[in-house]
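Per UniProt numbering, the sequence shown starts with residue 1, numbered consecutively.
One structure is given here, and the rest of the page talks about it.
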Amino acid sequence: MRVLVVEDEEFLREMIAEGLRRDALAVDEAGDGLEALRRLRLGEYDVLVLDRDLPGLHGDEVCRQVVRERLLTRVLMLTASGTVRDRVEGLGLGADDYLTKPFAYDELLARVLALGRRARPALPPVLERAGVAVDTARRGATRDGHRLALSRKEFAVLEALLRAEGAVVSNDDLIEQVWEQDTSYSTNAVRVTLSKLRAKLGEPPLIETVPGAGYRIAAR
Numbered sequence: 001m002r003v004l005v006v007e008d009e010e011f012l013r014e015m016i017a018e019g020l021r022r023d024a025l026a027v028d029e030a031g032d033g034l035e036a037l038r039r040l041r042l043g044e045y046d047v048l049v050l051d052r053d054l055p056g057l058h059g060d061e062v063c064r065q066v067v068r069e070r071l072l073t074r075v076l077m078l079t080a081s082g083t084v085r086d087r088v089e090g091l092g093l094g095a096d097d098y099l100t101k102p103f104a105y106d107e108l109l110a111r112v113l114a115l116g117r118r119a120r121p122a123l124p125p126v127l128e129r130a131g132v133a134v135d136t137a138r139r140g141a142t143r144d145g146h147r148l149a150l151s152r153k154e155f156a157v158l159e160a161l162l163r164a165e166g167a168v169v170s171n172d173d174l175i176e177q178v179w180e181q182d183t184s185y186s187t188n189a190v191r192v193t194l195s196k197l198r199a200k201l202g203e204p205p206l207i208e209t210v211p212g213a214g215y216r217i218a219a220r
C-alpha cells in the first residue's frame, strides 16, 4: 500500500511516516499543498493523509483537486479542530475520513489500512494462494498454517504478489508498491528481499521468476 503524508509540522510528519513504514507501508512525504498535488499527479497513492491547515495551498483545496481530477486516492484529513461543523465541512469537501489532533497512532494506522482496502477493488482481508495466507488487517502471514516471521518489506512483497492473483509482477511494480519514491532502491533490492522471502517460505518453492517479466506466486 502506498501512502502520501502531507503535514507542514516536520516532527509530526516524520513521526507518522516512520510509523507507517514500520508497519510495512510505502510512504512519501510532502510539507505543503503544492508539493502534495505534484506528487499525487505523478504517482498513484492508495491513501492521502492530509493536514487541513497547510501553508500556501490550503488542505481544503488539495482535497477539492483530488475530487476534481478523479484521482483514485482515499483522503484521511487531519485537523486540530474537532467540532462537528468542521468534520462535516471536511467530509463535504470529499475527504473519506477525518481525524482530530492529537490522535493515537494506532487509530491513525487502523484508519489508513481501512481506507487502503477501500481504494482497491474489493478483496478479502485474508489473501490466500498455494497454501500461503496473508492477513492484511493483522499484518500476519502463514504457510500451511505455520506462522512466517517476515520483515516489513518481505511482508509487503508477499502481499503484492498475492494481490496479483497469479499474474506476473514486474521489478518496477514491486519497487513502486513496496519502496518509497526519491530513493536509490534498485532491482537488486528486490532480488535481495525476494531471496530472503523465498528462504522463509521454505520448500517447495512458491515464487517463480519469469525471465524478462518479473515474479509470480505459483499455483499449487
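A virtual CB, placed ideally from N, CA and C, is assigned to each residue, including glycine.
If you look at residue 12, you'll find it in the alpha helix (DSSP H) that goes 10–22.
Runs of the alpha helix (DSSP H) lying entirely within the segment 182–213, each at least 4 residues long, are 187–201 in chain order.
When DSSP states are grouped into helix, strand and coil, residue 94 belongs to the coil group. Exposure of residue 22 is indicated by the presence of fewer than 16 other C-beta atoms within 10 angstroms of its C-beta. Shown here, residue 32 sits in coil according to DSSP, grouped into three states, outside any helix or strand.
Shown here for residue 75: same chain residues with a beta carbon closer than 7 Å to its own, the five before and five after excluded, namely 48, 50, 63, 66, 94, 95 and 96 in chain order. Assigned with DSSP and collapsed to three states, residue 128 falls in strand.
In the structure shown, residue 76 falls within a strand segment according to DSSP collapsed to helix, strand and coil.
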